[in-house]
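Encoded as structure tokens, the structure appears first; notes follow it.
2 protein chains.
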Amino acid sequence: MISSAQQLLGERRPARADARRNFDALLTAARDAFADDGIDASLEDIARRAEVGIGTLYRNFPTRDALVETVYLGEVAAIAGYADDLGGLEPFPAFVAWLQRYAAFAATKRVLLDGINRDSPTLGACRGVLFDAGEPLLQRAQRAGAVRADVTIEDTVRLISSVAGAVYADPAQRERIIGVAVDGLRASA
Amino acid sequence: MISSAQQLLGERRPARADARRNFDALLTAARDAFADDGIDASLEDIARRAEVGIGTLYRNFPTRDALVETVYLGEVAAIAGYADDLGGLEPFPAFVAWLQRYAAFAATKRVLLDGINRDSPTLGACRGVLFDAGEPLLQRAQRAGAVRADVTIEDTVRLISSVAGAVYADPAQRERIIGVAVDGLRASA
DNA sequence: TTGCGAAACGGAGGCTGCCTCCGCTAAGGT
DNA sequence: ACCTTAGCGGAGGCAGCCTCCGTTTCGCAA
Chain Z
363 MISSAQQLLG
373 ERRPARADAR
383 RNFDALLTAA
393 RDAFADDGID
403 ASLEDIARRA
413 EVGIGTLYRN
423 FPTRDALVET
433 VYLGEVAAIA
443 GYADDLGGLE
453 PFPAFVAWLQ
463 RYAAFAATKR
473 VLLDGINRDS
483 PTLGACRGVL
493 FDAGEPLLQR
503 AQRAGAVRAD
513 VTIEDTVRLI
523 SSVAGAVYAD
533 PAQRERIIGV
543 AVDGLRASA
Chain U
363 MISSAQQLLG
373 ERRPARADAR
383 RNFDALLTAA
393 RDAFADDGID
403 ASLEDIARRA
413 EVGIGTLYRN
423 FPTRDALVET
433 VYLGEVAAIA
443 GYADDLGGLE
453 PFPAFVAWLQ
463 RYAAFAATKR
473 VLLDGINRDS
483 PTLGACRGVL
493 FDAGEPLLQR
503 AQRAGAVRAD
513 VTIEDTVRLI
523 SSVAGAVYAD
533 PAQRERIIGV
543 AVDGLRASA
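Quick note, the sequences are listed as chains Z and U, same order.
Sequential numbering of the first sequence, starting at 363, is according to the working numbering.
Sequential numbering of the second sequence, starting at 363, is according to the working numbering.
Rendered as structure tokens:
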């Protein structure tokens, strides 16, 4: 199954073979550079890493935002299918498994998200992909009475994204705090 | 009562009267510039706003980090005394009132925090000030059996800071999600 | 009040990175 | 093979970061 994130990504790739190769090389170089040097990694450095000229970088990605969000789009495409694999679990454990997976994703994508304009249509589309993936699991857990009824999938993604994207003193603190957030999502006993 | 954050700030001010005036003008200009233009506001612009030369800015704040963290230090000094006013409330309402105040603070300081190196000793000192302020309230609520026993003040500040610092679709979503986080802090019923 | 030492000043200049534009190259279709 | 045009690289203009140096001015002691 091809996700809508993958489709959006495909629409951005140029038609010509040489240009496609450069586009892909730039995305790889950018992902690596942002991971190594943070969101302020220089575009000149990214062009050098991809072995293309700076004009080529700008032709493919007219702004830094465009580059960052296309890298993020590729990452979202990779995670969108995970929710499909959780149908065999009970409602609450399935929901929590998805949250955990999403938390792991959000933690590693924090750098990219810091670099994206929050009003970007592409970011909105990525959110849509993630909401679509998690919504069935949330509703199933709410119908089962396990998750509070007053939160939406948007709320849930926002909560886990902010908590998972924070920097922690150690992994134990991180697990503890995500646990607190998940406990807050439970229906009152 | 003079807080330790105010003391740290005082230690950074120059001795000479003209230099003190410039230092204060730079802090004010920086706070305004970061609020207007984000954490990437240009230092040249800040110097112009403060009506000093760029050399003066660098003499007072050798790096961008130094400037940002000094601005943040001033903001922390302003909030540190709030916890002292909550002794008259019941344990859990006092704790929640402090969390709400801290959440409001964290939301407006997000821009500054984005610009500070997380390993900065000054940031560590600011955290220390905030922990010292909230710790008595947390312990009181835990002794009263209202807050789960497995979280520390560090955990609590980290949780609220990440949730409060996020960007929300509307204020209602923000209140809802902070509510979820606070509910997660309650002891199990 | 005056004189002195040094703290503090402003901004020119070197450097890097962002971004545009243009002459040149090469991919792809007929 | 030829032609059109998509795509190329990098020079150059600009802004901002940051340092350094000649000049000014503050504060203290006599």
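All C-beta atoms in this analysis are idealised placements derived from N, C-alpha and C, irrespective of residue type, glycine included.
A Cβ-Cβ contact shorter than 7 Å links Arg463 of chain U with Tyr444 of chain U.
Near chain U, meaning a CB-to-CB distance below 9 Å, the residues of the stretch 461-489 of chain Z are Asp476 and Arg480. Identification of residues in the stretch 500-529 of chain U having a C-beta nearer than 8 Å to some C-beta of chain Z yields Arg510, Asp512, Val513, Glu516, Asp517, Arg520, Leu521, Ser523, Ser524, Val525, Gly527, Ala528 and Val529, given in sequence order. Here Val458 of chain Z carries a helix assignment [DSSP, helix/strand/coil].
A straight line joining the alpha-carbon of Pro533 of chain U with that of Leu405 of chain Z spans about 36 Å. As a beta-bridge residue in DSSP terms, Val509 of chain Z pairs with Z:Arg548. Shortest Cα-Cα distance from Val433 of chain U to any of U:Phe457, U:Gly450 and U:Phe396 involves U:Phe396. Counted as a single uninterrupted DSSP element, the stretch harbouring Arg480 of chain Z is not any alpha helix (DSSP H), since DSSP gives it neither H nor E. Contacts with chain Z at 7 Å (Cβ-Cβ) include Val542 of chain U.
Residue environment for Pro483 of chain Z: exposed (fewer than 16 other C-beta atoms within 10 angstroms of its C-beta). The beta carbon of Leu419 of chain Z sits closer than 7 Å to those of Leu388, Leu405, Ile408 and Ala409, all from its chain and outside the five residues before and after it, given in chain order.
Ala549 of chain Z places its beta carbon 7 Å or farther from that of Leu499 of chain Z. The Cβ atoms of Ala465 of chain U and Ala367 of chain U lie no closer than 7 Å to each other.
Under the 7 Å criterion on CB atoms, Gly400 of chain Z is classed as non-interfacial with respect to chain U. Below the 7 Å Cβ cutoff, chain Z contributes Val542, Ala543, Asp545 and Gly546 as neighbours of Gly546 of chain U, in chain order. Nearest CB-CB separation between Ile539 of chain U and chain Z: below the 7 Å threshold.
Listed along chain Z are Glu516, Asp517 and Arg520, each with a C-beta nearer than 8 Å to that of Gln535 of chain U. For Ile539 of chain Z against Arg520 of chain U, the beta-carbon gap comes to about 6 Å, under 8 Å, which counts as contact. For Leu474 of chain U, the closest alpha carbon among the candidates U:Asp394, U:Leu371 and U:Asp380 is that of U:Asp394. Comparing alpha carbon positions, the residue from U:Ser524, U:Phe385 and U:Ala459 closest to Ala468 of chain Z is U:Ser524. One Cα belongs to Gly486 of chain Z, the other to Ala528 of chain Z, and the distance between them is close to 21 Å. Contact annotation: Leu492 of chain U and Ala439 of chain U have beta-carbon atoms that are not nearer than 7 Å. According to the DSSP assignment, Gly436 of chain U belongs to the alpha helix (DSSP H) that extends over Arg426 to Ile441. CA-CA distance, Asp446 of chain U to Val430 of chain Z, rounds to 45 Å.
The beta carbons of Asp427 of chain Z and Asn384 of chain Z sit no closer together than 7 Å. Think of a sphere of 8 Å around the beta carbon of Ala397 of chain U: no beta carbon from chain Z falls inside it, the nearest being about 17 Å out.
Collapsing the DSSP output to three states places Tyr530 of chain U in coil. Annotated three-state conformation of Pro453 of chain U is helix, per DSSP. At a C-beta separation below 9 Å, Ala412 of chain Z has no neighbours in chain U, since its nearest C-beta there lies roughly 25 Å away. Taken through DSSP and simplified to helix, strand or coil, Phe385 of chain U comes out as helix.
Following the DSSP letters along the chain, one finds Thr418 of chain U inside the alpha helix (DSSP H) bounded by residues Ile416 to Asn422.
Of the other Cβ atoms in all chains shown, fewer than 16 fall within 10 Å of the Cβ of Asp399 of chain U; this residue is therefore exposed. Within chain U, not a single residue places a beta-carbon under 8 Å from that of Ala428 of chain Z; the smallest gap is close to 18 Å. Residues of chain Z whose Cβ lies closer than 8 Å to the Cβ of Ala403 of chain U do not exist, since the nearest Cβ in that chain is about 15 Å away.
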